[in-house]
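Peer 1:
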Amino acid sequence: MNAKPYIGITGPVNVQETKDICREFSEAGYSMESPHIPMLGFLVSYKTLNGQTTQNRRYPSANSLPELLKATDGQVLTMVHYNSKEIDTLSKQVAQIFDGVYENGLCRAIQLNIVWPDIGHVARIKDQHPEMQVVFQASHKAMDGKKPNQIAKGVKDYTDSISYVLIDPSGGRGMPFDLESSVAIYSELRGQCPDLTIGFAGGFTGENVAPRLREILKQIEEDKFCIDAEGGLRDKVTSAYGDDLLNIEKVRGYLQSASSVLR
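If you read the sequence shown in the numbering used here, its first letter stands for residue 1, the second for the next number, and so on.
1) Could you pull the start and end residues of the beta strand (DSSP E) that S260 belongs to?
2) Tell me, which residues are paired with N14 by DSSP?
3) Is Q150 buried or exposed, if buried means 16 or more other CB atoms sit within 10 Å of its CB?
4) What residue does the alpha helix (DSSP H) around V115 start on, and which one ends it?
5) Could you check what DSSP says for Q137 in three-state terms: helix, strand or coil?
6) Alpha carbon to alpha carbon, what distance is there between K224 and V13?
7) Please list, in chain order, all residues of the same chain as K156 whose beta carbon is under 7 Å from its beta carbon, the five residues on each side excluded.
8) Looking only at its own chain, which residues have a Cβ that is under 7 Å from the Cβ of P35, when we skip the five neighbours before and after it?
9) Would you say E188 and P148 are within 8 Å of each other, going by their C-beta atoms?
10) If I'm right that I110 touches M79 with Cβ under 8 Å, what's the distance once you round it to whole angstroms?
11) In whole angstroms, what is the alpha-carbon distance linking D168 and N104?
12) Please classify L245 as buried or exposed, where buried requires at least 16 other C-beta atoms within 10 Å of its C-beta.
13) Is the beta carbon of F204 closer than 8 Å to that of Y254?
14) My guess is that D243 and K250 are in contact by the Cβ rule of under 8 Å, so how many angstroms apart are they, rounded?
15) Does V44 come out as helix, strand or coil in the three-state DSSP assignment?
16) Consult DSSP for F200 and reduce its assignment to one of helix, strand or coil.
17) Hey, would you say Q96 sits closer than 8 Å to L49, going by beta carbons?
18) How should D228 be labelled, buried or exposed, when 16 other C-beta atoms within 10 angstroms of its C-beta is the threshold for buried?
19) Restricting to Cα atoms, I'd like to know which of T18, N56, Y46, R252 is closest to S84.
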């Protein structure tokens with residue numbers, strides 16, 4: 001059975017933001033029982049996992065992760081969004097992240113923000129954590145120079161180990177959503193990987209999410225897909241990537257607008 005589609009928000013860094021977003025999900029009508037479940041993504045990198053500092057304001061300290069996960073009180077699908085350049089030890093890094101939070105059910109989902117990760121490592125992650133839902137990120141780097149059918153063919157090799165694939169040419173940079181190319185990739189994935197739940201990301205905001213959702217629905221003629229927002233829900237401090245702050249008003253606008261189209 002396919003994993004349930006979600007409406008996602010990524011990037012809280014403290015307990016207050018976590019609780020505020022959970023409240024907004026609830027007020028917009030999203031729960032773990034609704035057709036689209038709420039997903040809250042927490043960013044972790046190899047650097048933060050190993051106690052190094054980052055200038056990126058979207059990353060909580062890794063040792064605060066259990067506290068943030070507990071603050072969701074089971075109201076949402078919690079998900080780690082992980083990126084690392086140290087790809088040779090990926091499954092060990094994932095085991096380190098989930099030590100103490102997988103066993104007690106605080107978090108059993110991970111999005112791998114890694115370009116075409118080693119299939120063996122992804123399989124090992126699933127072997128070590130059988131209940132883990134793994135999201136493959138089809139980022140701009142993963143899709144670069146590839147046609148939609150080539151992307152779907154590549155993703156198909158992972159299907160035994162993953163539950164979701166996120167078409168994410170923006171990668172949290174808030175870049176505009178290219179509907180035509182994203183729908184073309186969706187169609188190929190749907191044909192070649194029918195057991196995966198597919199999602200879209202790319203600059204979603206309260207202003208654009210409803211019309212974009214309507215356009216996606218019109219083009220793909222089904223509603224069992226995910227969306228995820230990150231950069232479009234933040235206020236820039238400077239122009240540097242990640243130098244921005246979560247805006248709960250933007251979160252509210254995004255969720256209220258999304259729920260007018262997808263529940």
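Glycine included, every Cβ here is placed at the ideal spot set by N, Cα and C.
Peer 2: In brief:
1) That residue, S260, is in no beta strand (DSSP E); it is neither H nor E in DSSP.
2) Beta-bridge analysis with DSSP links N14 to no other residue.
3) Per the 10 Å Cβ criterion, exposed.
4) V115 -> no alpha helix (DSSP H), and no H or E assigned at all.
5) Here DSSP, grouped into helix, strand and coil, assigns Q137 to strand.
6) So the alpha carbons of these two residues sit roughly 29 Å apart.
7) Around K156: Q192, C193.
8) For P35, where only same-chain residues beyond five positions count, the Cβ hits under 7 Å are R263.
9) Yes.
10) Right, the Cβ-Cβ distance comes to about 7 Å (below 8 Å), so this counts as a contact.
11) If you take the alpha carbons of D168 and N104, they lie about 30 Å apart.
12) Its Cβ having fewer than 16 others within 10 Å, L245 is exposed.
13) Taking 8 Å as the Cβ cut-off, Y254 and F204 qualify as a contacting pair.
14) Actually they are not in contact, since the Cβ atoms of D243 and K250 sit about 16 Å apart, beyond 8 Å.
15) For V44, the three-state secondary structure derived from DSSP is strand.
16) Looking at F200 - three-state DSSP - the assignment turns out to be strand.
17) Yes. Within cutoff.
18) Buried is the label assigned to D228, since at least 16 other Cβ atoms lie within 10 Å of its Cβ.
19) Per the C-alpha coordinates, the member of T18, N56, Y46, R252 positioned closest to S84 is Y46.
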